Amino acid sequence: QITPLLRTLAGVIFCYALYSPLVGVLNGQRRFGRQALLDIVMAALRTIGLIVGAKLVADEALRAEGALSGFVVSSVIILGLSLFMVGVGRAGKGGVSAKSHLAFMLPVWLGQIALNFLLQADVNLLRRFAGTAAEHAGLGVEAASPLVGAYAATQLYCFLPYQLLLSITFVLFPMLATAYRDGDREAMARYVRTGVRLAVVLAGAMVSVTSGLSEGLLKLLFQKEYWVATHAMEVLTLGFGVFAIFGIFSAVLNSLKHELASMLVTVAAVIFVAVLCFVRVPGTEFGEDLLWKTATSTSAGILLATLLAGVLVKRAAGGVVNPISVVRVAVAMGVAIVVGRHLPYAGKLMTLVYAVVVVVIYALVLLVTRELGSADLQNIKAVISRRKTP
C-alpha cells in the first residue's frame, strides 16, 4: 500500500537533487542571506504543501497521497525559486571537463549509496532476524514489527551527532581542498586535527546525553512498547557517535582527492556490520536480546571502519587527532554517562533537566583534564564577536 506514496515522493527526491547544488553555489559564493532565505521558504512551503494537500482530498483514505502531492508541488516551487535566484551559469573556456568531473563524482556517489546502506543496515537485518526468531517462537512474523519498531525509534537520537557534525564538513571541505591545491601539507594536517578534535568533543557531549539518558529519552517521545530498546540504545548511541566521526573522515578523504578510498572504506563498514550481525544475531531467542546483539554488532562494525578510515586520513593529511584528546573525551563521556544512568526517572520535564546536568558534568571533566582551556574560550568569544559585527 505504500507503493503509490513512494512513487509520489520520487518527485520530491528529483527536485531536492537539483535544489541542493544550487544552494551549494550560494554557500560557495558566501551569499548566506539568500541561502538562509531559500531554506526558510522551503521549510514553510513544505509545511503548507503537506497541510493544504491533505485538506483538499475529500476521501480520508487518500489523505496521505494528498499530503505528499502537496509536498511535490512545494518542491517544484522552491526549485523554480532557486533557479531564478542562482541561475544556471554560462558556458566558458577552461574549467573542469565532464570526464574529470565524473571521474571524481562517481566514487563519491557510490560512497553515498553505501553510506545510506550503512545507516539502515542494522534495522533491515534485524527485521529479517526478528521475523525468523518470531516464527521459531510460534508467534508469527507480524510479532516482530513492534520489536523492530522499537529499535528503529532509537535512531531518532542515534543519528543526532552525525546530523550535527555535517556542518563541520561544510567548513572543513573547502579549507582542505584549498590547502591540497596549494600543496600546503602543514595546513592540511592542522585543519584535520582541529576539525576532528572539535567533532570528537561535540559528539561526546551529545552521546553522553543520549547514552546516559536512553530510558528517559525514549519515554520522552515514545509509547511503552518502545521502551524495550533502552539497553540497545545505550550501546547504539555510542556506535553512531563514532559514526559521526566516520562521516568527518569520509569528507576529509573526498576533499583530498581520495574519493576512491572514501568509497571503499564505506563499503567496508557495511560489510563489517553485516558480517558481525550475521555471526552474532541469528539463533537468538525472540525478545530484547535481539536488539542488544544487533546494537553491539553494529557499533563494533562502525568502530572498526572508523579506525580504518582514521589510518587512511593520517596517511592522506598527515594528521588526525591527538590521542590524548580522545582519551580525555572518553573519560568525560564515561563519567557523564554513568551519572546519567544512575539518575532516577522523574518524568519528561526532569529528563530535559538531566540532559543539561549531564552536559555540564561532561564539560567539567574536560575542564579538569585540561582538554578545554582558555584557547577554546577565546575561540568561542571570537566567533560570538564576529556574529555581532555588522
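Heads up: the sequence shown at position 239 corresponds to 244 in our numbering, and the numbers run straight through without jumps.
Idealized CB from N, CA, C, for every residue including glycine.
Keep in mind that this is a model prediction, so the values were computed, not measured.
Could you spell out where the alpha helix (DSSP H) holding G217 opens and where it closes? R190 to G217
Check whether V363 and A335 have beta carbons under 8 Å apart: no
Cβ shell of R391 (< 6 Å), same chain only, five flanking positions each side left out: Any reading at R391 must be qualified, since the residue scores a pLDDT of 41, below 50, and its modelled position is unreliable; no value is offered.
What separation, rounded to the nearest whole angstrom, lies between the Cα atoms of S102 and M110? 12 Å
My output table needs one value for K262: the three-state DSSP class, helix, strand or coil. coil
Please go through the same chain and pick out, in chain order, the residues whose beta-carbon is closer than 8 Å to the beta-carbon of V205, but skip the five residues on each side of it. I250, V326, S330, V331 and V334
Could you pull out every residue in the same chain whose Cβ sits closer than 6 Å to the Cβ of F291, ignoring the five residues on either side in sequence? A138, A139 and A142
Report the residue ranges of all beta strand (DSSP E) runs contained in full by the segment 279–358; include only those spanning at least 3 residues, in chain order. none
Quick check: Y167 and A234, are their CB atoms within less than 8 Å of each other? no
Give a yes or no on whether the C-beta atoms belonging to F243 and V212 are separated by under 8 Å. In the sequence under discussion, the amino acid at residue 243 is Leu, which differs from the Phe named in the question. The answer is yes: Cβ separation under 8 Å.
By alpha-carbon positions, which one of V46, V365 and A22 ends up nearest to L207? V365
With 16 as the cutoff for other CB atoms within 10 Å, does Q40 come out buried or exposed? buried
Nearest to L107 (by Cα), restricted to the options V93, E264, V247 and D127: E264
With 16 other CB atoms within 10 Å as the buried threshold, where does V17 fall? buried
Which first and last residues belong to the alpha helix (DSSP H) in which Y24 is found? T8 to G33
Under 8 Å Cβ to Cβ from L377, same chain only, skipping five residues before and after it: list those, please. V206, A368 and L371
At which residues does the alpha helix (DSSP H) containing K60 begin and terminate? F37 to L61
Which same chain residues, not among the five before or five after V280, have their C-beta less than 8 Å away from its C-beta? G306
Just to confirm my understanding: we take I389, look at its own chain, exclude 5 residues before and 5 after, and list those with CB closer than 8 Å. What are they? Its pLDDT being 39, under 50, I389 is placed unreliably by the model, and nothing is read from it.
Suppose you measure from the CA of V146 to the CA of A69; what does that come to, to the nearest Å? 26 Å
Leaving aside the five residues before and after P349 along the sequence, list all residues of the same chain whose C-beta is less than 7 Å from its C-beta, in chain order. none
Would you call the segment 260–275 in contact with the segment 287–303, where contact means no fewer than 3 C-beta pairs closer than 8 Å? no
If G54 and G75 are in contact, beta carbons under 8 Å, what's the gap, nearest whole angstrom? 4 Å
Am I right that G221 and T356 are in contact with their C-beta atoms under 8 Å? What's the rounded C-beta distance? 4 Å
Taking the C-alpha atoms as reference points, what is the distance between I253 and A194? 14 Å
For A119, which residues in the same chain have their Cβ closer than 8 Å to its Cβ, ignoring the five residues on either side in sequence? M268, T271, V272, A274 and V275
Cβ of G58 within 8 Å of Cβ of G71? yes
Do L50 and V28 have their C-beta atoms within less than 8 Å of each other? no
Measuring CA to CA, which of L169, G246 and N129 is closest to C163? G246
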